[in-house]
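Asks: Got a structure for you, questions after.
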Amino acid sequence: MRLLLLPVFLLCYFLAPAQRVTERDFRKYFDEQGVEGSFLLFDAKANQYTAYNLSRCREGFLPASTFKIPNTLIGLEAGALRDTSEICHWDGVQREIAAWNTDMPYAQALRVSCVPCYQQLARRIGAARYQTWLAKLKFGRMNVTAATVDTFWLTGTSRITQFEQIDFLRRFQSGKLPIAKRHQDAVKALLVLGKGPNWMLRGKTGWTGFWRAGKSNHNGWFVGWVEQNGQAYFFALNMEPKNGGPATQEFIQGRRAITEKILRQEFQLMQ
C-alpha cells in the first residue's frame, strides 16, 4: 500500500504551487522612525511573499499583544468568555497606562491592549485548555504551564515568526480555524482599524519591553491584513529601537506608521 501511495504523494507535492519570496529593501521606512526590523507581506492571489530582512522574518519573537487575537478566540470557544461585551472588572491597581484603570468590556480591552484584563481571562482558561487549543490553532510555538498561564505570551520561551503570524492570519481570515464562525466573526470585527471605498484594514499591534544587562530590550509587532477589491493581502511587521535604545513615541507609533507607508507607497493598497 505504501508503494502505491508514494507516487500519488509525490505527484501532489510537485503539483502544489510553491510560495515565492521576493526580497525588497524597505530600510528607509524603518530609518525614518529610528528603528530596525523586518517586514513580510503575502499576496494571496499571487501566492507570493514580499520580504524585507528575510532572515529576521524567520526569527521567532514573543507574540506580545498579537496573542490577543487567538486568546480571545480561545476564551470564546472554551466558554471562559461569554462574549466580547462581557465586562472585565478593574482590580484597583493603578497602572501606567491610564486606559487600563477602569472596568471595560473585552471588546475595548482588545483595542487598548489591556494586559491585566487578558491576564484575568488567561487564569480562567487555564494551562490545560490552552495546551489543547494552541495545538489546534497552530499559533507559533507557545509554551504555557500553570506557573506561566498569565504571562507566557509576554515573557519566557514562547516564540512566533512573521511567516507563522501570516499563516495563522490566513486561516483566520478565510474561516478555516477550528473555531465557531460566530466567534471568528466577532473577533474580526474588533480588528477593523480603517476602511475606504474599496478597502478595509484589520490588524493588531504588540509590544514587549524589559531591561537586561543595563540595556533596554523592546520588541514591537503590527500584524493583520488588507482586503481590497475582493483580494486579501496579509502583513507582519516586527521591529525594535536601534542600538537597544528606549521605546520612544517613534517606536510606539512607528509599528503602524511604517506598515501603512509600505502598504500605500510600495503596494498601492488602502487607496
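Those letters in the sequence shown? Residues -18 to -1, 1 to 253, by mature numbering (1 follows the signal peptide of the UniProt record, and there is no 0). Glycine included, C-beta positions come from ideal geometry on N, C-alpha and C. This one's a predicted model, so the numbers in the text were calculated from it and none came from an experiment.
Starting from the Cα of S20, find the closest Cα among V3, R40, A81 and A28 and give me that residue.
Replies: Nearest C-alpha to S20: R40.
Asks: Between which residues of its own chain and F134 is the CB-CB distance below 7 Å, once the five residues before and five after are set aside?
Replies: Closer than 7 Å at the Cβ level, and outside the excluded window around F134, lie M124, N125, V126 and S140.
Asks: Is L37 helix, strand or coil when you go by DSSP?
Replies: Rather than Leu, the amino acid found at residue 37 in this sequence is Ser. If DSSP states are grouped into helix, strand and coil, S37 belongs with the helices.
Asks: When you compare each of Q213, N220, F12 and R111 to N201 by their alpha carbons, which one comes out closest?
Replies: Ranking the options by Cα distance to N201, first place goes to N220.
Asks: Measuring alpha carbon to alpha carbon, tell me which of M182, T241 and F233 ends up nearest M252.
Replies: With distances taken between Cα atoms, M252 lies closest to M182.
Asks: Which runs of the alpha helix (DSSP H) spanning at least 4 residues fall entirely within the stretch 209 to 245, listed in chain order?
Replies: Complete alpha helix (DSSP H) runs here, min 4: none at all.
Asks: By the 10 Å Cβ neighbour count, where 16 or more other Cβ atoms means buried, how is H71 classified, buried or exposed?
Replies: H71 is exposed by the Cβ-count criterion.
Asks: Are the CB atoms of Q147 and V97 within a distance shorter than 7 Å?
Replies: Result no, Cβ atoms of V97 and Q147 do not sit closer than 7 Å.
Asks: What number of angstroms, rounded off, separates the C-alpha of F12 from the C-alpha of F49?
Replies: Approximately 24 Å between the Cα atoms of the pair.
Asks: When burial is assigned at 16 or more other CB atoms within 10 Å of the CB, is T143 buried or exposed?
Replies: With 16 or more Cβ atoms within 10 Å of its Cβ, T143 is classed as buried.
Asks: Can you list, in chain order, the residues of its chain whose CB lies under 8 Å from that of N180, leaving out five sequence neighbours each side?
Replies: Same-chain partners within the cutoff: Q210 and N211.
Asks: Are the stretch 110 to 123 and the stretch 67 to 86 touching by the rule of at least three beta carbon pairs closer than 8 Å?
Replies: The stretch 110 to 123 vs the stretch 67 to 86: no contact.
Asks: What's the C-alpha gap between Y100 and S37?
Replies: If I take the Cα positions, the gap works out to 32 Å.
Asks: By the three-class DSSP mapping on this structure, what secondary structure does S47 have?
Replies: Three-state DSSP puts S47 in a helix.
Asks: Since V174 is in the beta strand (DSSP E), which residue starts that stretch and which ends it?
Replies: That run of the beta strand (DSSP E) goes V174 to K177.
Asks: When you compare only the Cα positions, how much space is there between V17 and G226?
Replies: Distance between the alpha carbons of V17 and G226: 9 Å.
Asks: Sort out for me which residues DSSP pairs W189 with in a bridge.
Replies: G202, per the DSSP bridge assignment.
Asks: Tell me the DSSP secondary structure of F249 in three-state form.
Replies: Three-state result, F249: helix.
Asks: I want to know whether the stretch 153 to 165 touches the stretch 50 to 66 - three or more CB-CB distances under 8 Å.
Replies: Touching, per the Cβ criterion.
Asks: Using CA coordinates, which residue listed in L92, L44 and G178 is at the minimum distance from R246?
Replies: Cα-wise, what sits closest to R246 is G178.
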